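Trainee: One structure, as structure tokens, below. Some questions next.
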Amino acid sequence: MIPLLILGLLIQNPGAHGYELLNLMEKRHYKYIVNFTKGSFYYNLQQLEKKGLIEQIQQMSSINNREVNTYKITSLGLEEFDKLMTKYGTKSEYVNLQFYGALLFANEIDKNKILELIQSQIEQTEAKIALLDQYLANSEELPGKIDYFRRMNENSRSHHLVNLNWFKKLKADIENAVE
Numbered sequence: 292m293i294p295l296l297i298l299g300l301l302i303q304n305p306g307a308h309g310y311e312l313l314n315l316m317e318k319r320h321y322k323y324i325v326n327f328t329k330g331s332f333y334y335n336l337q338q339l340e341k342k343g344l345i346e347q348i349q350q351m352s353s354i355n356n357r358e359v360n361t362y363k364i365t366s367l368g369l370e371e372f373d374k375l376m377t378k379y380g381t382k383s384e385y386v387n388l389q390f391y392g393a394l395l396f397a398n399e400i401d402k403n404k405i406l407e408l409i410q411s412q413i414e415q416t417e418a419k420i421a422l423l424d425q426y427l428a429n430s431e432e433l434p435g436k437i438d439y440f441r442r443m444n445e446n447s448r449s450h451h452l453v454n455l456n457w458f459k460k461l462k463a464d465i466e467n468a469v470e
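If you want it as structure tokens, here you go:
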């Protein structure tokens, strides 16, 4: 998935520096789409270059008169982007919260411990909703264009709200359960 994100960002931002692409991924909260680190990002950037899907362009910076490396997508990269769009655009995955694994054995631990775990999920989910609210409050669709990223974030927010309500109900059920 990281190669798709890098290629797509280079289509949107030709001539970007690697750190500019990484900053866009962080700013746009792409971590909700795929887990990535700075290391995995740069590894994928190097692999895309090695495969001839992107190329590095060296140019002089007008700011500090130093040579800087920027990237652009190649025609081979555009073909790969199309293939990756089809690959990931046709997948549908189950919702897979790691918390579900722990919840399988909730009856085997102290009630207060499971309540702590659920409270942690509530707090994390509220933080995600707050980030999405912040993004949505500061973005708007351009006339005549569909902002797919905004729509994805609206959908993600809806899913988080459902999870939040479920976590809160589960917590209340456990608190009210008679042992």
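Here my numbering runs 291 ahead of the position in the sequence shown, where the first position is 1.
No residue lacks a Cβ here, since even glycine has one placed at the ideal position from N, Cα and C.
These numbers come from a predicted model, not from an experiment.
Along the beta strand (DSSP E) that carries M292, what are the first and last residues, could you check?
Mentor: Here M292 belongs to no beta strand (DSSP E), and DSSP marks it neither H nor E.
Trainee: Am I right that I348 and G306 are in contact with their C-beta atoms under 8 Å? What's the rounded C-beta distance?
Mentor: 7 Å
Trainee: Using three-state DSSP, classify K382 as helix, strand or coil.
Mentor: coil
Trainee: Threshold first: 3 residues or longer. Then list the beta strand (DSSP E) segments lying entirely within the region 334-375, N to C.
Mentor: 345-351 and 358-364
Trainee: Which of helix, strand or coil does DSSP assign to A307?
Mentor: strand
Trainee: Counting C-beta neighbours from all protein chains within 10 Å, is the total for Y362 16 or more, i.e. buried, or is it exposed?
Mentor: buried
Trainee: Does G299 come out as helix, strand or coil in the three-state DSSP assignment?
Mentor: helix
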